[in-house]
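Protein sequences appear in the order of chains A and H. The first sequence maps to residues 870 to 1196 in the working numbering. The second sequence maps to residues 3 to 149 in the working numbering. Even glycine gets a Cβ: it sits at the ideal position worked out from N, Cα and C. Below is one structure, written out as structure tokens; comments come after it.
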Amino acid sequence: MDFIANLPPHFFRIPIALTLVISLVFINALIMVYLERKIAGHMQFRLGPMEVGWHGVLQTAIDAVKLMSKQLIVPEKAHTKLFRIAPLLAFTPAVLPFVVMPFAPKLQAVDINIGIIFILAMASLNVMAIFVAGWASNNKYGLLGSMRSVSQNIAYEIPVLFSLLSAVFVVGSFSLGDIVGYQSKIWLFMIQPIAFLIYFVSSVAETNRAPFDLPEAESELTAGFHTEYSGMAFALFFLGEYTEMFVVSSIATAVFLGGWHGFPLPFFEYSSVVWFLLKTYFLMFLMIWFRWTFPRVRFDQLLNFSWKYLIPFSLVNLLITAVVVKL
Amino acid sequence: MKKYFTDLFTGAKSLIEGMVVTIKAFFSPVVTVQYPREKNIIPNAYRGHIVLVSDDKTGEPKCIACGTCERACPSSCIKVLSEKKEGEKKKSLTAFNLDFTRCSLCGICVESCPLGAIEYSNEYNLSGFTKEEFQYDLLKYLKESSC
Chain A
870 MDFIANLPPH FFRIPIALTL VISLVFINAL IMVYLERKIA GHMQFRLGPM EVGWHGVLQT
930 AIDAVKLMSK QLIVPEKAHT KLFRIAPLLA FTPAVLPFVV MPFAPKLQAV DINIGIIFIL
990 AMASLNVMAI FVAGWASNNK YGLLGSMRSV SQNIAYEIPV LFSLLSAVFV VGSFSLGDIV
1050 GYQSKIWLFM IQPIAFLIYF VSSVAETNRA PFDLPEAESE LTAGFHTEYS GMAFALFFLG
1110 EYTEMFVVSS IATAVFLGGW HGFPLPFFEY SSVVWFLLKT YFLMFLMIWF RWTFPRVRFD
1170 QLLNFSWKYL IPFSLVNLLI TAVVVKL
Chain H
3 MKKYFTDLFT GAKSLIEGMV VTIKAFFSPV VTVQYPREKN IIPNAYRGHI VLVSDDKTGE
63 PKCIACGTCE RACPSSCIKV LSEKKEGEKK KSLTAFNLDF TRCSLCGICV ESCPLGAIEY
123 SNEYNLSGFT KEEFQYDLLK YLKESSC
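Structure representation (structure tokens):
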């Protein structure tokens, strides 16, 4: 027993956290797919899924079963190994940011002092997965989609970094625990409204969602980078996309919307996760709302918007923040 | 430089206007009718295939087998069969055959009937694999639907 008692606490903490996180990722995808279809329906005067279970609540579970039962087809001229690795690459990095995410004061697996940088590094690995998928499919639509994804992510990663950096300047720490702790009186979104706006717009682009869903633009590229994928491999890309949505929304919550701060609840150190999830799901509702309102932008419009508006604005914002903090 | 900022503000304004449209749609009632469970009310002027009208008192069909509808029908899809039973003064109807594959629901039979013994039904769920399934005996149909 001495041996177990002498193990570092992380030895137990991280497996437990990862188990919880992976279940969270799957549950989130189930809920989000259902909500997305329901909200889309109601925004178009329809009902959305209604058949499986009460108001169609079991629809996504049934869809998952159907996707699992389907055959995984590898095209003849595709690069077999890369083609199989790409969906895993899309899914795995999407899970890792949750390890440092401060869900509640005591619900954070590890609070590393470069939390934000870790999350951004992991989140941008998703582009690699999309690129590998498009390249390995050996399909013109796949390749075009993944090329678009890469240039889009390069353009939008910069405003994301600048806007988060201006929040970091105010707090003076990269650790997410410190950033949330700083917001006990005033949320950073009130100090840095422009940074919040820029972050949120560019994170929608980062997750490849409408109106910035050019990598999978159905009307031009059939399905873009996942044209050749079927069954569970396709489902993993979707899972990755919805997890990515959750990641960017929870970063926005933690950095700009005060994280777990909210009205007091019993057992606040754990139960304040409710506030965190409420804010995160509100942001995700906004993303769904964007998707069913705005038409897809053209590629030159997409890049112009980033290079002409988002990057200069975030740079100026960063500069002003730096000067104010220094004074 | 001026265009740069006007573009930004008009763009932002149009985006917000668009979002207002969709959120209004989100909270307004849906128009979907969940068909097998919910059905729309069929309007009075709906024309299904014709059926015979029965007399309220006797329950027998009002039709006197005069054959006016048969003669009036432009696609000749009605065949009225009758016989004169012994001890009865009038002819009585034995079968009222409607070939619905040829009927164009023009309604001349309904208009020509001197007794108002034919009317439109509300039947819209018709399907079948053969032509013969659309050859109805409306007398039989009336007896089946009344009991």
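- Flag this pair as yes or no: are the beta carbons of Gly1046 (chain A) and Gly984 (chain A) separated by less than 9 Å? The answer is yes: Cβ separation under 9 Å.
- In whole angstroms, what is the alpha-carbon distance linking Val82 (chain H) and Gln36 (chain H)? When rounded, the separation of the alpha-carbon atoms in Val82 (chain H) and Gln36 (chain H) is 40 Å.
- Task: Assign Arg1078 (chain A) to one of two classes, buried (16 or more other C-beta atoms within 10 Å of its C-beta) or exposed (fewer than that).
- Result: So Arg1078 (chain A) counts as buried.
- Item | Segment limits, alpha helix (DSSP H) that includes Ala97 (chain H) | Membership of Ala97 (chain H) in any alpha helix (DSSP H) is not indicated; the residue belongs instead to the beta strand (DSSP E) covering 94-101.
- Task: Please report how far the alpha carbon of Ser1175 (chain A) lies from the alpha carbon of Ala1024 (chain A), in whole angstroms.
- Result: Looking at the backbone, the Cα of Ser1175 (chain A) and that of Ala1024 (chain A) are separated by about 6 Å.
- Count the other CB atoms, across all protein chains shown, that sit within 10 Å of the CB of Arg1017 (chain A); report buried if there are 16 or more and exposed otherwise. Arg1017 (chain A) comes out buried.
- Query: Counting Cβ pairs, one atom from each stretch, are 3 or more of them under 8 Å apart for the stretch 1032-1039 of chain A and the stretch 1185-1194 of chain A?
  - Reply: Yes, the stretch 1032-1039 of chain A is in contact with the stretch 1185-1194 of chain A.
- Item | With 16 other Cβ atoms within 10 Å as the buried cut-off, status of Lys907 (chain A) | Classification of Lys907 (chain A): buried, given that the 10 Å Cβ count is 16 or more.
- Message: Just verifying my parser: in three-state terms, what is the DSSP assignment at Ser1053 (chain A)?
- Response: Coil, per DSSP.
- Can at least three beta-carbon pairs, one atom from the stretch 920-938 of chain A and one from the stretch 958-974 of chain A, be found at a separation below 8 Å? The stretch 920-938 of chain A vs the stretch 958-974 of chain A: no contact.
- How would you label Asp1169 (chain A), buried or exposed, when you count the other beta carbons within 10 angstroms and need 16 or more for buried? Here Asp1169 (chain A) is exposed: its Cβ has fewer than 16 other Cβ atoms, across all protein chains shown, within 10 Å.
- Item | Cross-chain neighbours of Thr34 (chain H) in chain A, by beta carbon under 7 Å | What Thr34 (chain H) touches in chain A: Arg915, Leu916.
- Own chain, CB closer than 6 Å to Ser1140 (chain A), minus 5 neighbours either side, in chain order: Hits under 6 Å: Leu1134.
- Inter-stretch contact (C-beta, 8 Å, three-pair minimum) for the stretch 58-77 of chain H and the stretch 947-954 of chain A: The way I'd put it, the stretch 58-77 of chain H doesn't touch the stretch 947-954 of chain A; fewer than three beta-carbon pairs between them come closer than 8 Å.
- Identify each residue in the stretch 1143-1168 of chain A for which the Cβ-Cβ distance to at least one residue of chain H is less than 7 Å, and report them in chain order. Shown in chain order are the members of the stretch 1143-1168 of chain A whose Cβ falls below 7 Å from a Cβ of chain H: Trp1158, Trp1161, Thr1162, Phe1163.
- Message: Going by C-alpha to C-alpha distance, which of A:Glu1089, A:Leu989, A:Tyr1111 sits closest to Val902 (chain A)?
- Response: The closest CA to that of Val902 (chain A), considering only A:Glu1089, A:Leu989, A:Tyr1111, is found on A:Tyr1111.
- Query: Using DSSP with H/G/I as helix, E/B as strand and the rest coil, what is Asp9 (chain H)?
  - Reply: Helix at Asp9 (chain H).
- Message: Just to check my reading of the structure: Lys946 (chain A) and Asn1007 (chain A) have Cβ atoms closer than 8 Å, yes? What is that Cβ distance to the nearest angstrom?
- Response: With a Cβ gap of about 5 Å, Lys946 (chain A) and Asn1007 (chain A) count as contacting.
- For Ala963 (chain A) and Ser1088 (chain A), the rounded distance between their alpha carbons: Spanning the two alpha carbons is a distance of roughly 27 Å.
- Close beta carbons around Leu107 (chain H), own chain, < 7 Å, minus the five adjacent residues each side: Spatial neighbours of Leu107 (chain H) in its own chain (CB-CB distance under 7 Å, excluding positions within 5 residues in sequence) are listed in chain order as Arg49.
- Message: Rounding to the nearest angstrom, what Cα-Cα distance links Ile25 (chain H) and Trp1158 (chain A) in this structure?
- Response: About 8 Å.
- Boundaries of the beta strand (DSSP E) in which Leu54 (chain H) is found, first to last residue: Element bounds for Leu54 (chain H): 52-54.
- Are the stretch 1141-1152 of chain A and the stretch 1053-1067 of chain A touching by the rule of at least three beta carbon pairs closer than 8 Å? At 8 Å Cβ cutoff, the stretches do not touch.
- Quick one: using the 10 Å Cβ neighbour count with 16 as the cut-off for buried, is Ile988 (chain A) buried or exposed? Counting Cβ neighbours within 10 Å, Ile988 (chain A) comes out buried, since at least 16 surround it.
- Message: Does chain A have any CB closer than 9 Å to the CB of Phe28 (chain H)?
- Response: Yes - at least one Cβ of chain A is within 9 Å of the one on Phe28 (chain H).
- Tell me, please, whether the stretch 1118-1128 of chain A touches the stretch 1060-1076 of chain A by the rule of three or more beta-carbon pairs shorter than 8 Å. Touching, per the Cβ criterion.
- Message: Once the 5 residues before and after Tyr143 (chain H) are set aside, which same chain residues still bring their CB inside 7 Å of it?
- Response: So the list reads Val53, once near-sequence residues are dropped.
- Item | Ordered list of alpha helix (DSSP H) runs contained in the stretch 1008-1046 of chain A, each at least 4 residues | As far as the stretch 1008-1046 of chain A is concerned, its whole alpha helix (DSSP H) runs of at least 4 residues are 1009-1040.
- Message: So the candidates are A:Ala909, A:His924, A:Pro944; which of them puts its Cα closest to the Cα of Trp1004 (chain A)?
- Response: Checked all of A:Ala909, A:His924, A:Pro944; the closest Cα to Trp1004 (chain A) is A:Pro944.
- Should the stretch 78-94 of chain H be regarded as contacting the stretch 13-30 of chain H, the criterion being three or more beta carbon pairs within less than 8 Å? Contact between the stretch 78-94 of chain H and the stretch 13-30 of chain H is absent: fewer than three C-beta pairs spanning the two stretches fall below 8 Å.
- Query: Smallest Cα separation from Tyr1150 (chain A): which of A:Ile1120, A:Leu1179, A:Phe1163?
  - Reply: In terms of Cα proximity to Tyr1150 (chain A), the closest of A:Ile1120, A:Leu1179, A:Phe1163 is A:Ile1120.
- So which residues of chain A does Met21 (chain H) contact, with C-beta pairs closer than 7 Å? Within 7 Å Cβ-Cβ: Trp1158, Thr1162.
- Message: I need the straight-line Cα distance from Ser123 (chain H) to Phe1154 (chain A), nearest angstrom please.
- Response: Looking at the two C-alpha atoms, the distance is approximately 48 Å.
- Among all the DSSP beta bridges, which residues are the ones paired with Tyr151 (chain H)? Absent from the model: residue 151 (chain H). The displayed extent of chain H is 3 to 149, so no value can be given.
- Contact with chain A by Tyr37 (chain H), beta-carbon distance below 9 Å: It does not; no Cβ of chain A falls within 9 Å.
- 8 Å Cβ cut-off: residues of chain H touching Tyr1025 (chain A): What Tyr1025 (chain A) touches in chain H: nothing, since even the nearest Cβ is about 17 Å away.
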